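First comes the structure, then the notes that go with it.
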Amino acid sequence: KNEVEQSPQNLTAQEGEFITINCSYSVGISALHWLQQHPGGGIVSLFMLSSGKKKHGRLIATINIQEKHSSLHITASHPRDSAVYICAVRGGSQGNLIFGKGTKLSVKP
Amino acid sequence: DGGITQSPKYLFRKEGQNVTLSCEQNLNHDAMYWYRQDPGQGLRLIYYSQIVNDFQKGDIAEGYSVSREKKESFPLTVTSAQKNPTAFYLCASSMGGAPSPLHFGNGTRLTVT
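So the sequence lines, in the order shown, correspond to chains H and W.
To get our numbering, take the position in the first sequence, counting from 1, and add 1.
To get our numbering, take the position in the second sequence, counting from 1, and add 978.
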């Protein structure tokens, strides 16, 4: 069983829809990262969080430490949001990152 | 603008040849990382460096080598000992110490035939 599981693997949405991507992990962590990988391959860090909730523009990330679960929400989705979204967790303060396999999102106009 | 530069974007080599991938950052970050990405898999750590002149093996270091002679630079050499070198390689950096956001380069796609 993978230590970081993301769902769904693939997601197709219509422009304007509210989107949720889930991440579950099985190890103790010091931080969880949400990353966005564009079709060209470059990766951008969206959020790093260890508790609660963070918001940036139309993106919201939440984490429940007790349930070992995090969600990434996108409100009013747009075709430019089409990308692969990757969840990664850091085990302990000096632990290396463990990556999920990613969720491929396609937003249709 | 500060960032991480990987070059080249595409690289083609014949089997049996060593090849070096470049990674340069001007973010003044202490920590640098090399990851490999294969279709359908999460990123896997090859090597990382927390400070100049020091580096550690990651999960899949066999067939790779690195150096960290300068804070800004962390080149990765894919040697002929790497059994399956064709992949997408990503370099990243962070401030180091306590968990901090990662900054990634745009990657190098290596094809070995």
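C-beta atoms are modelled at their ideal positions from N, C-alpha and C, and glycine is treated no differently.
Note that the structure is a prediction, hence the values are computed from the model and not measured.
Select from N996/W, T1089/W, S1027/W the residue whose C-alpha is nearest the C-alpha of H1007/W. For the residues N996/W, T1089/W, S1027/W, the minimum Cα distance to H1007/W belongs to S1027/W.
Quick one: is A84/H near chain W, going by C-beta distance under 7 Å? Chain W contact via Cβ: absent.
By the three-class DSSP mapping on this structure, what secondary structure does R991/W have? Here R991/W sits in strand by DSSP.
Residues that S1078/W bridges to, as DSSP identifies them: DSSP, once it has assigned bridges, lists no residue as partnering S1078/W.
List, in chain order, every chain H residue whose beta-carbon is nearer than 8 Å to that of Q1019/W. Those are K102, listed as they occur along chain H.
Just to confirm, is the Cβ distance from Q1019/W to F1066/W under 7 Å? Not in contact: Q1019/W and F1066/W (Cβ atoms no closer than 7 Å).
Would you kindly work out how many angstroms separate the C-alpha atoms of V997/W and K1061/W, rounded to a whole number? Cα-Cα distance, rounded: 14 Å.
Could you tell me the alpha carbon to alpha carbon distance between S1072/W and Q37/H, rounded to whole angstroms? C-alpha separation (whole angstroms): 17 Å.
Using a threshold of 7 Å, state whether the C-beta atoms of C24/H and S71/H are closer than that. A distance below 7 Å separates the beta carbons of C24/H and S71/H.
Taking Cβ positions, are G1085/W and G101/H nearer each other than 7 Å? Result no, Cβ atoms of G1085/W and G101/H do not sit closer than 7 Å.
CB contact check: G1085/W to chain H, cutoff 7 Å: Yes, its Cβ sits closer than 7 Å to a Cβ of chain H.
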